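Worksheet for the structure shown next.
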Amino acid sequence: MSRSRDIEITFAGTQVVSDLIAALERGGWVFGEGRIRYLVDPDFFDWDEVGVPERSKAMRELEAASMRHGCGFEMSWGNEEQEASFLLLESGRLLSVSPLAELVFRGDAGTLLDHEWYLSKVMPVLFDRGVTGLSCRDLQD
């Protein structure tokens, strides 16, 4: 059995991936360990990785992919070990946030993901970007 844990955020308008990343960085998210891990593969399978000095290359590829079929990138919360993947889909109108490492669980609910923790780290920088909807999932497949 597997488990699906994510947050989906919908927007009224198209999000430009570089602007979205800049907003997340202002809010405390960083590319961890001196690397940028990103997804531009149309099958959403093969991730690419470059060093932070090659940021402009990654951003160009992300922008091009976001216009065609969507894209993704991974970031960490500050100096902590919580990581998440961010998938920008549906012509930049849907952002899927999936926690990856050192998950934060609710203390009162066993293995249920603490969506509130993740929302408090993501939503403050996104509210002014035209958020129209939000859903959280923690499903056992």
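Quick note, the sequence shown lines up with residues 25 to 165 if you use my numbering. Quick reminder that beta carbons are idealized off the backbone N, C-alpha and C, glycines included. Here the structure is a predicted model, which means the values were calculated and not measured.
Residue of the options minimising C-alpha distance to residue i
i	options	result
Ala175	Ile33, Cys95, Leu127	This structure gives no information on residue 175, because the portion of the chain shown stretches from 25 to 165.
Leu136	Leu163, Pro148, Arg117	Leu163
Gly75	Glu57, Pro66, Leu63	Glu57
Ala89	Arg153, Gln39, Arg161, Phe55	Gln39
Residue j beta carbon less than 8 Å from that of residue i
i	j	result
Glu73	Arg84	no
Ser144	Glu32	no
Leu63	Phe97	yes
Trp101	Gly52	yes
Ser26	Arg161	no
Which residues DSSP lists as bridging residue i, in chain order
i	result
Arg29	Asp162
Trp53	Trp101
Separation of residue j from residue i, as counted between CA atoms
i	j	result
Phe45	Phe68	In the sequence as displayed, the identity of residue 45 is Ile instead of Phe. Between Ile45 and Phe68, the C-alpha separation is close to 19 Å.
Cys95	Gly134	32 Å
Asn103	Asp30	22 Å
Gly37	Pro123	24 Å
His139	Glu87	28 Å
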